[in-house]
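Heads up: the sequence shown begins at 3 in our numbering, then just goes up one per residue.
Structure first, then comments.
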Amino acid sequence: ENKLSISAIDILKTNAIEKAFVTMLGNEFEVDITSSNKKEIVLSFNDIYIVIDKDIKEISVNLENKILFLSCEVANFNI
């Protein structure tokens, strides 16, 4: 749990489907996958941008011109 109350980020990618969901305050929201490559995935929802760096297993959020780093359990960081 963190200041943004994001408790889960789920990304579903197949050959035909590419969807992402963020759970905040107990509610699940579908978010846009802005970009996706081998190094990172960028998700957007309203004015919130979530950057997932797959190499260093780090998640940051750009919100109101601030960058916030989310702490997550490495055991739950599955890509």
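Every residue, glycine too, gets a C-beta built ideally from N, C-alpha and C.
Inter-segment contact for the segment 15 to 32 and the segment 54 to 62 is absent: fewer than three beta-carbon pairs are separated by less than 8 Å.
Considering only Asn29, Ser7, Glu20, the residue with the shortest C-alpha distance to Thr36 is Glu20.
Each of Val63, Ser9, Ala18 was checked against the Cα of Glu42, and the nearest Cα belongs to Val63. Judged by DSSP in its simplified three-state form, Ala18 adopts coil rather than helix or strand. Distances from the CA of Val33 to each of Asn39, Ser7, Asn48 were compared; the closest alpha carbon is that of Asn48.
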